[in-house]
Structure formats: structure tokens, C-alpha cells
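Since the structure comes first, as C-alpha cells, the remarks are kept for the end.
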Amino acid sequence: MSVDSGTTIENTQGQSVRLVLLHDRQGKVLVLLPQSRMLDLAAVAKQLGRDLQPVRVEDAQRFFAQPGLQTAAGQAQLLSLPLLVDAGLSAEPMVCREFHSGLRFELSQLPQDGQISRGPISCNPTAHAGVMAEVDDAVVITRAVERFTTLRVQQRLEDTLGLPGLSQTMRKIVMLRSDPDAGVDELVPVVKLDPSLSAQVMGWAASPYYAAPGRVRSIEDAVIRVLGFDLVINLALGVAMGQVLRLPEDTPRGTVPYWEQAVYTATLSEKLARCIPLEQRPRPGLAYLAGLLHNFGYVVLGHLFPPHFSRLSRQIEANPHLEPSLIEQEVLHVTREQIGGWLLDSWKLPAEVSVAVRYQHAPDFEGEHAEYASLLCLASRLLRQQGMSAGPAGELPEGLVQSLGLKRTDIDQTLAALKADAESLSQLSDLFSGPG
Numbered sequence: 009m010s011v012d013s014g015t016t017i018e019n020t021q022g023q024s025v026r027l028v029l030l031h032d033r034q035g036k037v038l039v040l041l042p043q044s045r046m047l048d049l050a051a052v053a054k055q056l057g058r059d060l061q062p063v064r065v066e067d068a069q070r071f072f073a074q075p076g077l078q079t080a081a082g083q084a085q086l087l088s089l090p091l092l093v094d095a096g097l098s099a100e101p102m103v104c105r106e107f108h109s110g111l112r113f114e115l116s117q118l119p120q121d122g123q124i125s126r127g128p129i130s131c132n133p134t135a136h137a138g139v140m141a142e143v144d145d146a147v148v149i150t151r152a153v154e155r156f157t158t159l160r161v162q163q164r165l166e167d168t169l170g171l172p173g174l175s176q177t178m179r180k181i182v183m184l185r186s187d188p189d190a191g192v193d194e195l196v197p198v199v200k201l202d203p204s205l206s207a208q209v210m211g212w213a214a215s216p217y218y219a220a221p222g223r224v225r226s227i228e229d230a231v232i233r234v235l236g237f238d239l240v241i242n243l244a245l246g247v248a249m250g251q252v253l254r255l256p257e258d259t260p261r262g263t264v265p266y267w268e269q270a271v272y273t274a275t276l277s278e279k280l281a282r283c284i285p286l287e288q289r290p291r292p293g294l295a296y297l298a299g300l301l302h303n304f305g306y307v308v309l310g311h312l313f314p315p316h317f318s319r320l321s322r323q324i325e326a327n328p329h330l331e332p333s334l335i336e337q338e339v340l341h342v343t344r345e346q347i348g349g350w351l352l353d354s355w356k357l358p359a360e361v362s363v364a365v366r367y368q369h370a371p372d373f374e375g376e377h378a379e380y381a382s383l384l385c386l387a388s389r390l391l392r393q394q395g396m397s398a399g400p401a402g403e404l405p406e407g408l409v410q411s412l413g414l415k416r417t418d419i420d421q422t423l424a425a426l427k428a429d430a431e432s433l434s435q436l437s438d439l440f441s442g443p444g
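Using this note's numbering, you'd call the opening residue of the sequence shown number 9 and step up by one each time.
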């Protein structure tokens with residue numbers, strides 16, 4: 009075996025290999041597989057007869073960040089662990105990488121001694137993508153529901169899914185959101201009729217992020233002086249979505265909390281929208297709402313497929329380099345973007361919002377309201393780069409910034425302002441769990 013940690017992946021020759029640390033009660037297993045492929049935990053279980061799971065993100069970071077692993081001796085010790093090698097890897101030299109810690113090193117060949125197993129333990133998650141794009145979302149959702157649950161879709165899909173409907177208060181707020189002539193005079197009476205919503209509006213207005221001068225004494229004061237019509241409408245709709253479905257419990261470990269990510273994405277989307285030239289600017293309020301609800305389909309997946317959701321969470325942990333939608337296609341044959349966009353559309357939310365949610369990871373989408381999808385895509389990618397949103401960080405899609413008419417200086421300043429407000433925004437996200 010020959011190990012060299014002195015060069016980076018970009019400057020070396022060899023197949024790109026990903027390292028994944030799995031464990032169970034029997035101990036640890038180090039997996040090597042092609043960097044671009046998805047590790048299939050079910051295939052691992054079949055290969056080894058063990059229910060191996062990925063270690064927690066923080067444990068992987070601590071393990072692979074050990075100073076000794078920067079040396080050839082330390083890397084040799086690492087490779088003395090029981091190894092599971094994907095059948096797709098050849099005997100050629102490798103450039104190994106672990107995604108959570110950034111560890112990289114060269115490997116001329118696998119060790120000849122030690123415990124090594126080899127088998128087909130990975131798949132190509134992009135294989136379904138082209139087919140999925142050509143099928144109507146409602147058809148895709150129906151097939152997934154029938155395949156992975158006992159439900160048989162015979163009536164309207166939204167009835168069969170067993171999703172609670174929006175309350176009367178929230179239906180009125182949806183109508184106000186879609187009415188371009190609506191204002192605070194119509195909104196305040198609706199808020200006052202719902203004690204829970206009233207308490208949350210008062211809580212938002214008093215939060216450190218909005219830093220309202222003086223004491224907030226009434227709903228009118230909160231809406232008119234502090235928050236404004238657009239923000240109250242959007243925050244109320246976010247609360248409504250959270251009340252319809254409970255957040256899944258067994259989520260991928262080590263990720264940004266759901267509401268914290270939602271508030272970050274909403275705030276950045278709105279701020280970026282205000283930097284876009286006026287002639288092509290999306291409505292900042294709708295950009296905020298799209299950001300707030302961008303991950304709602306994830307909650308719906310947890311509601312529809314509870315027996316499979318834990319498996320999905322472990323697969324996302326084991327494949328941090330992949331877009332979660334690719335893993336969802338592989339595991340459930342439907343994505344959070346498909347089901348989220350479809351459901352928001354069926355609930356009659358503005359088309360700008362449902363389109364943005366559906367196509368937020370399709371930077372080349374050119375349909376109606378594409379600017380909202382592009383803006384949400386940009387906000388999501390920027391937040392990932394800062395560790396403020398879940399998902400693989402990477403370069404911005406080519407041409408995305410230019411297509412929105414944004415300047416890089418505006419983006420940098422907006423992102424810096426958001427990071428400066430991160431603590432107060434995190435406190436604001438706590439208010440979505442309810443009053444009190």
C-alpha cells in the first residue's frame with residue numbers, strides 16, 4: 009500500500025473515491041465507493057448481513073479530523089479497519105475523500121492484508137431523473153403512495169392522502185394573500201379572531217430581530233407599525249403549514265433545524281429580491297413566502313411514508329454529497345419538491361410560490377414564474393455554502409446570478425447582513441412552534 013496526502017484531488021490522477029464510516033454493535037466498517045454514486049444501505053446489509061448505519065455527522069467530523077490521519081501512517085491505520093469496497097472500483101490508484109471533514113489522500117492500492125469485502129453496494133441516483141421529469145407530478149405522487157403505503161388512490165389525491173385541511177382562519181389568509189387589493193384593514197380582523205395567531209403575531213413583533221421601538225400594545229400596532237401586511241400574511245401561512253403536519257422526528261442527524269432553515273431562506277430570498285433591478289424584480293413578499301415554505305414537502309414525506317422515513321434519513325446521512333431529491337427518488341420514487349409544489353398549488357397558494365418550491369433545484373427552468381425558482385435556488389445554494397441550510401455545498405449554477413440581474417457585491421453584502429442577524433433570526437424561528 010502507498011499513501012500520499014501531499015496533493016489534492018484536483019492535481020492528482022486516479023479514480024475519485026468516497027469514504028463512509030458505518031457502525032453497528034459489532035464495530036466500525038469503512039466503505040469505499042465511487043465518489044459520484046449513492047451508497048445503498050440495504051445493499052450493504054445484504055452483502056454483510058449486518059444492519060450498519062452511518063455514524064453521526066459530528067462523530068464523523070471528529071474521527072476523520074484527527075491530526076494523525078494527515079500522515080501516511082495514520083491513513084494506513086485507518087485502512088486497517090474492516091473494509092467494504094464497491095464492486096465498481098478498479099485496482100487503479102485512488103484519490104480518497106471524506107465529505108464531512110474534508111480529509112483527502114492518495115491511495116496507490118488497497119491493503120493486501122486485513123478484512124476486505126467487495127460487492128455491489130452503490131447505485132446511480134440520476135437514473136430516474138430523466139424519466140421523472142417527463143411524468144405529471146400528481147401521477148408520480150399517486151404511484152409512490154400506492155407503492156409504499158396501504159392507500160389506494162381512487163378519489164382526489166389530496167383527499168386520499170389524509171392531510172388535514174387548512175383552518176377557516178388560514179383559508180381567509182390564503183384568500184387575502186392572493187388578493188392584490190387586500191390590506192391591513194382586512195387582515196387585522198382575521199388575526200384577532202384567532203387567539204393562537206394573535207399571540208404569535210405579538211410574539212413576532214416583540215422579537216429582537218424586528219427591534220420595534222417602544223412597547224407593542226395591540227394587534228393593530230404589531231401589524232401596522234412593526235411587521236406590515238406582507239410579513240404577517242407570510243408568517244401566518246408558515247404557521248398554518250406547521251399546524252397541518254407535525255415535523256418528522258427521525259430526521260437526518262446534524263442538519264440545520266427545519267424552521268431555522270426556513271427563516272434563513274425566507275429572509276435571504278426577500279433581501280436578494282430587493283436587490284434585483286425594479287423592471288425584473290420578483291415581489292419580495294412572495295419571495296419570502298416561497299423561502300419559508302421551500303422545504304414543506306419534506307414534512308409531507310414524513311407524514312405519508314413514516315415506515316420508510318427513517319431509512320430515507322439514514323441514506324441522506326450516508327450520501328451528503330448528493331442532492332436529497334436524488335436520494336428521495338431512489339428510495340421513495342417521489343421528491344419533496346414534487347409533493348410540496350403540488351400540495352401548495354392544490355391549496356390555492358399563489359402560483360409564484362408553488363412554482364418556486366417545485367423547481368427550486370432546477371436552475372435551467374424557463375417556465376412562468378421562473379424568476380422565483382431561480383431566486384430560491386440562489387438563496388439555498390448561498391446558505392449551504394455558509395452551513396446555514398442542509399444539502400451539499402457547491403458552486404453556484406453558471407449564469408444564475410446574471411439571469412436575476414444581481415451583482416456579486418450586492419449578494420456578498422446581503423449575505424453578510426444575514427449572518428450578522430443569524431442569532432436573532434434563530435430566536436424568531438423558535439416562535440413557529442407556537443405561542444408562549
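Glycine included, each C-beta is placed from N, C-alpha and C at the ideal position.
Our two residues, residue 74 and residue 115, have alpha carbons roughly 18 Å apart in a direct line. Between the region 209-225 and the region 418-434 there are three or more inter-stretch CB-CB distances shorter than 8 Å, so the stretches are counted as touching. Secondary structure within the region 63-139: the alpha helix (DSSP H) runs of 4 or more consecutive residues, fully enclosed, are 65-72 and 80-86 (chain order).
CA-to-CA, the gap between residue 247 and residue 211 works out to about 13 Å. The residue among 28, 327, 151 and 391 with its C-alpha nearest the C-alpha of residue 424 is 391. Counting only runs that start and end inside the region 256-331, the alpha helix (DSSP H) elements of at least 4 residues fall at 266-283, 292-300, 304-312 and 314-326. Taking a contact to require three or more Cβ pairs closer than 8 Å, the region 336-349 and the region 142-157 qualify as touching.
When DSSP reads this structure, residue 36 sits in a beta bridge with 31.
Of 422, 107, 240 and 81, the smallest CA-CA separation from residue 400 is found for 107. The three-state reading of DSSP puts residue 234 in helix, counting H, G and I together.
For the 8 Å CB-CB criterion, residue 192 and residue 209 do not form a contact. Our two residues, residue 186 and residue 213, have alpha carbons roughly 23 Å apart in a direct line.
Per the C-alpha coordinates, the member of 409, 355 and 395 positioned closest to residue 249 is 355.
Short of 6 Å from the beta carbon of residue 22, and not among the five residues preceding or following it, lie these beta carbons of its own chain, in chain order: 101, 102 and 103. By the beta-carbon neighbour count (other beta carbons within 10 angstroms, threshold 16), residue 259 is buried. Between the alpha carbons of residue 366 and residue 204 lies a gap of roughly 30 Å. Considering only 42, 117, 368 and 128, the residue with the shortest C-alpha distance to residue 303 is 368. Between the alpha carbons of residue 133 and residue 54 lies a distance of about 19 Å. Boundaries of the alpha helix (DSSP H) around residue 438: 430-438. In the displayed model, residue 24 falls within a strand according to three-state DSSP. In the three-state reduction of the DSSP assignment, residue 41 falls in the strand class, which pools E and B. When the five nearest sequence neighbours on each side are left out, the beta carbons in the same chain lying within less than 7 Å of the beta carbon of residue 283 are those of 414, 418 and 422, in order along the chain. Cβ contact annotation for residue 358 (same chain, cutoff 8 Å, sequence separation greater than five): 185, 186, 294 and 297, in chain order. Residue 383 and residue 279 do not touch by the CB rule: their CB atoms are close to 10 Å apart, not below 8 Å. Inclusion of residue 37 and residue 97 in the CB contact set at 8 Å is not warranted, their separation being larger than that value. Per DSSP, the beta bridge partners of residue 47 are 130. Residue 61 has 31 as its beta-bridge partners, per DSSP. Taking the Cα of residue 310 as reference, the smallest distance to any Cα among 339, 440, 289 and 179 is reached at 339. Our two residues, residue 389 and residue 402, have alpha carbons roughly 7 Å apart in a direct line. In the three-state scheme derived from DSSP, where H, G and I count as helix and E and B as strand, residue 367 is classed as coil. For residue 156, the enclosing alpha helix (DSSP H) begins and ends at 145-156.
The three-state reading of DSSP puts residue 345 in helix, counting H, G and I together. At least 8 Å separates the beta-carbon of residue 256 from that of residue 156.
For the options 321, 276 and 288, the alpha carbon positioned closest to that of residue 300 is the one of 276. For residue 180, the uninterrupted alpha helix (DSSP H) segment begins and ends at 176-186.
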